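Enquirer:
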Amino acid sequence: MKMKKVLALTCAAVMAAGTLVGCGGSADSAADSSAAEESTAASKVEATVATETYDHQAIENAGDITITMMVSGVASENDFETEQLPALIKEKWPNVTLEVTKLPDDNYYTSLKTKLASGECPDIILTQPMYAGQNSCYSLAEAGYLAPLNDMDCIKDRMASLSSVTYNGDVVTATSGVAILGCFYNKDLFAQAGIEGEPQTWDEFLEDCKKLQDAGIQPIVMGDKDQYVLQFGLYQLAADEIYSQNPDYDVQLRSGETSFTDEGTWDKVLEMYKTLYDNKYIDASQSLGYGASQAIQDFADGKAAMTFDGSFNVTPLIANGVDAGYFPIPGTNGVYTATCLAAGYSIYNKSEYVDECKAILDYWLDGESPVWDAYLATGKVIATYGNGADASPNYDLFKPFIDLLNEGKGFYWCNQAWPAGTETEMEALFSEMIGGQGTTVEDITQGMQDKFEDLLDE
Amino acid sequence: MAGQTKTKRKGANTSLVFNNRMYFFLIPALAFFLILWIYPVLQLFYYSVTNFNGVNYDYDFVGLKNYAKVLTNGTLVNSMKNTLIYAVVSVVLSNILGLGIAMILNTKIRFKGLFRTCAYFPALFSAIVVGFIWSYVYMPSSGMIASLINLLGGDGSAFNPLGNYNTALIAICLVEVWKGFGTTMIIYLAGLQTVDESLLEAGRIDGCTEWQLFRKIKLPLISSTVTINVILSVIAGLKAFDYSFIMTNGGPGKSTKTLMFQVYETAFTDQKMGRASAFSVLAFAMIILITVIMLAYMNKKEVEL
Chain A
1 MKMKKVLALT
11 CAAVMAAGTL
21 VGCGGSADSA
31 ADSSAAEEST
41 AASKVEATVA
51 TETYDHQAIE
61 NAGDITITMM
71 VSGVASENDF
81 ETEQLPALIK
91 EKWPNVTLEV
101 TKLPDDNYYT
111 SLKTKLASGE
121 CPDIILTQPM
131 YAGQNSCYSL
141 AEAGYLAPLN
151 DMDCIKDRMA
161 SLSSVTYNGD
171 VVTATSGVAI
181 LGCFYNKDLF
191 AQAGIEGEPQ
201 TWDEFLEDCK
211 KLQDAGIQPI
221 VMGDKDQYVL
231 QFGLYQLAAD
241 EIYSQNPDYD
251 VQLRSGETSF
261 TDEGTWDKVL
271 EMYKTLYDNK
281 YIDASQSLGY
291 GASQAIQDFA
301 DGKAAMTFDG
311 SFNVTPLIAN
321 GVDAGYFPIP
331 GTNGVYTATC
341 LAAGYSIYNK
351 SEYVDECKAI
361 LDYWLDGESP
371 VWDAYLATGK
381 VIATYGNGAD
391 ASPNYDLFKP
401 FIDLLNEGKG
411 FYWCNQAWPA
421 GTETEMEALF
431 SEMIGGQGTT
441 VEDITQGMQD
451 KFEDLLDE
Chain B
1001 MAGQTKTKRK
1011 GANTSLVFNN
1021 RMYFFLIPAL
1031 AFFLILWIYP
1041 VLQLFYYSVT
1051 NFNGVNYDYD
1061 FVGLKNYAKV
1071 LTNGTLVNSM
1081 KNTLIYAVVS
1091 VVLSNILGLG
1101 IAMILNTKIR
1111 FKGLFRTCAY
1121 FPALFSAIVV
1131 GFIWSYVYMP
1141 SSGMIASLIN
1151 LLGGDGSAFN
1161 PLGNYNTALI
1171 AICLVEVWKG
1181 FGTTMIIYLA
1191 GLQTVDESLL
1201 EAGRIDGCTE
1211 WQLFRKIKLP
1221 LISSTVTINV
1231 ILSVIAGLKA
1241 FDYSFIMTNG
1251 GPGKSTKTLM
1261 FQVYETAFTD
1271 QKMGRASAFS
1281 VLAFAMIILI
1291 TVIMLAYMNK
1301 KEVEL
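Protein chains in written order, with this note's numbering: chain A, 1 to 458; chain B, 1001 to 1305.
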């Protein structure tokens, strides 16, 4: 009996100690975090004042080193990140071993958080612009996890174009690609319906949908069961209707000058997109049960004339040899594009090999190295102007978008500027509306505003 | 007195079955339990009163704000409603189906072993595989069921259970039943095999019908098995996450967001780890409460039977 008491006391003591360790751990982490912030601040000063460039020779003088890298995605045969990249880096620097881990998105996010929390983060990680996703460069930079990259060769001359990966004056993500949202269309089906060119106005776009419908062709297929695909159409219309009128709309959202409920902004965008469902140009009774990959398959099989999708899905969309075109959905104010900087690579601030990592990324993203060529050949990245853009696979499809971007008519994807979670509320409420649950456009904008404020509330 | 204590201690130490030294062997298991289970649970309580976002460890204490938010923003009500519907449907169907098939497979029929294996087969697949397969089974127009409807002259394109607000939750629930009834069946089968044949024979001699045999003899004798199965199904139902995540991602709208799915979304999409922790604590309390009430009720029923 006494022994049991001793045991019970021991358990209680261990648990209490565990709790204290828990608190202590967090305090330590907080201390680490503030240390990291100090270190970031120090690096910032260094980057802007002391050093014009980093130590390019560091990688050669480092001896045998292993650099770790973690990215999201699913590894394929002869995968670029996990197979080609380490081999090409080894070829360039025989003393460097690059170990790459590639994890499916959700695993990547969880793993990244765990590794950051335990101070075991890989040297190079994949991050997304602004506030997009759980690996958004802004939230990671805010926590002091990312090294400033201003002195990198592939960055220092084009910092102006990297604003969505710049946090407090420091570029924290190295990216040389763009990602596009647009409307893929089947040229043969357009011809069958008597449509001659790509629509230049919203009314023309609606007319074309009508012509296709009258010809017995499903105008647009979407996989709305995966609700995120709703963003593909809505963000294009937001570029046309909101950002073209007020490029600072999202900045003002955060300061409270604008609101999702403002008339002529999101209500207009949502109403326009809803029109496509009201007229059955997108059949909600089908699309809500269709997954994204099933919609891609339908388009590739020629069962529908159009689908809204990103440049990142071009390969499966044209896999069956569909003669496809790609245009930005036109709005009532002209044609703009939702084209943003693609995800890129950041260096962990506490890495032992920050300069070595910079050398690797510079070599990779220089626009001419074998690594760059292999990277471009994956077809998943579209290079920005002046960096071998025309060598991008399917460049003809993407050129109009990049032209618009360079004319100043390209805007980032909305969710990059919102706290993560705002878009899921928008998607859920929009699904309810097209699913006949009585949700109105006003309910959606109000829901988005409430969620936005809730997420910003600390 | 001192002598008595000494004798007692000596006696305890000399027990060949379980002496005091045996407690030391508990330490490794206990350590694992404490570190990997108790400690994270305590951390959960701790995070539930902070505004931790999962990334930035420079967080603040916010008191009970997270709990207040969860209780007032409507997410708890919606997800609780969906979870309870999911749990009730899956508990009822998987137990009726499991018991029914166990009764059939407990009789003397040919290929009994083969049928038992087939019935248990779905339980062997992982939820992810089952979820993906059933997404294609349910797909409108060209899915398996839609194709069958087309083959029989119907309109397969109108069949869209996952895209319909009224059917999506039930549709994913049926997948849970399909995967889980095999396990339920095995437990019932084990229970039924403990029923003494002589009791059934005596019943038959007294003129019992098959229904009376089942109601008056078999069911009371397997009542503890029923309790186990029902409680296990209730717990599984209340923890529902897999199929909402894989097959519908909580949609359409919010119609298949269960408690666990909402916790996941709050933690990993909204990046409100503190609020998700508060949500988990509340969900944990509710699951415990429902399970305890169910257990008490079932135990009482067992005695009555």
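All residues carry an ideal CB built from backbone N, CA and C; glycine is no exception.
These figures come from a predicted structure and were not determined experimentally.
Looking at the C-beta of ASP106 of chain A, does it have a partner C-beta in chain B at a distance below 9 Å?
Expert: Chain B contact via Cβ: present.
Enquirer: How far does the alpha helix (DSSP H) with LYS451 of chain A in it extend, from its first residue to its last?
Expert: Where LYS451 of chain A is concerned, the enclosing alpha helix (DSSP H) stretches over 441-456.
Enquirer: Under the three-state reduction of DSSP, which class applies to LYS1216 of chain B: helix, strand or coil?
Expert: Helix, per DSSP.
Enquirer: Could you tell me which residues DSSP puts in a beta bridge with ILE65 of chain A?
Expert: BP columns for ILE65 of chain A point to A:VAL96.
Enquirer: Return helix, strand or coil for ALA1168 of chain B, following the three-state DSSP convention.
Expert: Correct three-state label for ALA1168 of chain B: helix.
Enquirer: From the DSSP output, in three-state form, read off MET222 of chain A for me.
Expert: In this structure, MET222 of chain A counts as coil in the three-state DSSP scheme.
Enquirer: Compare the C-beta of GLN1004 of chain B with all C-beta atoms of chain A and state if any pair is closer than 9 Å.
Expert: Any reading at GLN1004 of chain B is ruled out, since the residue's pLDDT is 48, under 50, leaving its predicted position unreliable.
Enquirer: Only counting the same chain, and skipping five residues up and downstream in sequence, which positions put a Cβ closer than 6 Å to that of ILE220 of chain A?
Expert: So the list reads TYR281, ILE282 and MET306, once near-sequence residues are dropped.
Enquirer: Give me the residue from A:ASP240, A:GLN236, A:GLU271 and A:ASN279 with the minimum Cα distance to LYS211 of chain A.
Expert: Looking at the Cα atoms, A:ASN279 is the closest of the given residues.
Enquirer: Would you verify that the beta carbon of GLU120 of chain A is, or is not, closer than 9 Å to some beta carbon of chain B?
Expert: Cβ-Cβ to chain B under 9 Å: no for GLU120 of chain A.
Enquirer: Rounded to whole angstroms, what's the CA-CA distance from GLN1193 of chain B to LEU140 of chain A? Just pull it up for me.
Expert: The straight-line gap from Cα to Cα measures roughly 59 Å.
Enquirer: Quick test of your reading: SER1079 of chain B and GLN1262 of chain B, contact by CB under 8 Å. State the CB separation rounded to the nearest angstrom.
Expert: At roughly 4 Å, the Cβ-Cβ gap stays under 8 Å, so SER1079 of chain B and GLN1262 of chain B are in contact.
Enquirer: Cα-Cα, which of A:PRO247, A:GLN192, A:ALA338 and A:ILE155 is closest to ALA401 of chain A?
Expert: Note on identity: in this sequence residue 401 of chain A is Phe, with Ala being the wrong assignment. Among A:PRO247, A:GLN192, A:ALA338 and A:ILE155, the Cα nearest to that of PHE401 of chain A is on A:ALA338.
Enquirer: Residue range of the beta strand (DSSP E) that MET306 of chain A falls in?
Expert: It spans 304-310 - the beta strand (DSSP E) in which MET306 of chain A sits, taken as one unbroken run.
Enquirer: Go ahead and pull the three-state DSSP assignment for ASN186 of chain A.
Expert: Residue state, collapsed to three classes: strand.
Enquirer: Quick one: what does DSSP say CYS137 of chain A is sitting in, helix, strand or coil?
Expert: Looking at CYS137 of chain A - three-state DSSP - the assignment turns out to be helix.
Enquirer: How long is the line joining the alpha carbons of ARG1204 of chain B and GLN1212 of chain B, rounded to whole angstroms?
Expert: Rounded to the nearest angstrom, the two C-alpha atoms are 10 Å apart.
Enquirer: For VAL1055 of chain B, go through chain A and note every residue whose CB falls closer than 7 Å to its CB, in chain order.
Expert: Neighbours of VAL1055 of chain B on chain A, chain order: LYS113, LEU116, SER139, LEU140 and ALA143.
Enquirer: From this set, B:VAL1077, B:ALA1127, B:PHE1159 and B:GLY1098, which residue's C-alpha is nearest ILE1145 of chain B's C-alpha?
Expert: Nearest of B:VAL1077, B:ALA1127, B:PHE1159 and B:GLY1098 to ILE1145 of chain B, Cα basis: B:PHE1159.
Enquirer: Going by beta-carbon coordinates alone, are LYS225 of chain A and LEU1162 of chain B separated by less than 9 Å?
Expert: Yes, they are a contact pair.
Enquirer: Can you list, in chain order, the stretches of the alpha helix (DSSP H) that have 4 or more residues and sit fully within the region 239-280 of chain A?
Expert: Correct list: 249-255 and 266-278.
Enquirer: I'd like to check one pair, LEU149 of chain A with ASP170 of chain A: are the Cβ atoms closer than 9 Å?
Expert: Yes, the Cβ-Cβ distance between ASP170 of chain A and LEU149 of chain A is below 9 Å.
Enquirer: Let me know the secondary structure DSSP gives VAL178 of chain A once reduced to three states.
Expert: In the structure shown, VAL178 of chain A sits in a strand (DSSP, three-state: E or B).
Enquirer: Are PRO129 of chain A and SER136 of chain A closer than 9 Å when you measure CB to CB?
Expert: Taking 9 Å as the Cβ cut-off, PRO129 of chain A and SER136 of chain A qualify as a contacting pair.
Enquirer: One question on the structure: do LEU1232 of chain B and THR1184 of chain B come within less than 9 Å of each other, judged by their Cβ atoms?
Expert: In contact: LEU1232 of chain B and THR1184 of chain B (Cβ atoms closer than 9 Å).
Enquirer: Considering only the alpha carbon of each residue, which of A:SER293, A:ILE242, A:LEU230 and A:GLY291 lies closest to TYR277 of chain A?
Expert: Minimum Cα distance to TYR277 of chain A is reached at A:LEU230.
Enquirer: Distance, Cα to Cα, ASP373 of chain A vs LEU162 of chain A?
Expert: About 22 Å.
Enquirer: What's the gap between the Cα of TYR1243 of chain B and the Cα of GLY223 of chain A?
Expert: C-alpha separation (whole angstroms): 18 Å.
Enquirer: Please state whether DSSP places CYS23 of chain A in a helix, a strand or coil.
Expert: Note that CYS23 of chain A has pLDDT 36, beneath the 50 cutoff, so the model's placement of it is unreliable and the number below is only indicative. Correct three-state label for CYS23 of chain A: helix.
Enquirer: Is it the case that the region 1029-1040 of chain B contacts the region 1266-1278 of chain B, given that we only count it when at least three CB pairs across the two stretches are under 8 Å?
Expert: Contact fails: fewer than three Cβ-Cβ distances are below 8 Å.
Enquirer: Go through the region 1214-1300 of chain B residue by residue and report every complete run of the alpha helix (DSSP H) that reaches 4 residues or more, in order.
Expert: Complete alpha helix (DSSP H) runs here, min 4: 1223-1238 and 1259-1264.
Enquirer: How is the alpha helix (DSSP H) around SER1094 of chain B delimited, first residue to last?
Expert: Looking at the DSSP string, the run of the alpha helix (DSSP H) that includes SER1094 of chain B is 1075-1105.
Enquirer: Strictly by DSSP, which residues pair up with ALA324 of chain A?
Expert: Per DSSP, A:ASN186.
Enquirer: With respect to the beta strand (DSSP E) encompassing THR337 of chain A, which residues constitute its N-terminal and C-terminal limits?
Expert: Its beta strand (DSSP E) spans residues 337-341.
Enquirer: Applying the criterion that 16 or more other CB atoms from any shown protein chain within 10 Å of the CB defines a buried residue, is PRO199 of chain A buried or exposed?
Expert: Counting Cβ neighbours within 10 Å, PRO199 of chain A comes out buried, since at least 16 surround it.
Enquirer: Do you know whose CA, among A:SER369, A:ILE242 and A:GLN218, lies nearest ASN333 of chain A's CA?
Expert: Taking only the C-alpha atoms, the option nearest ASN333 of chain A is A:ILE242.
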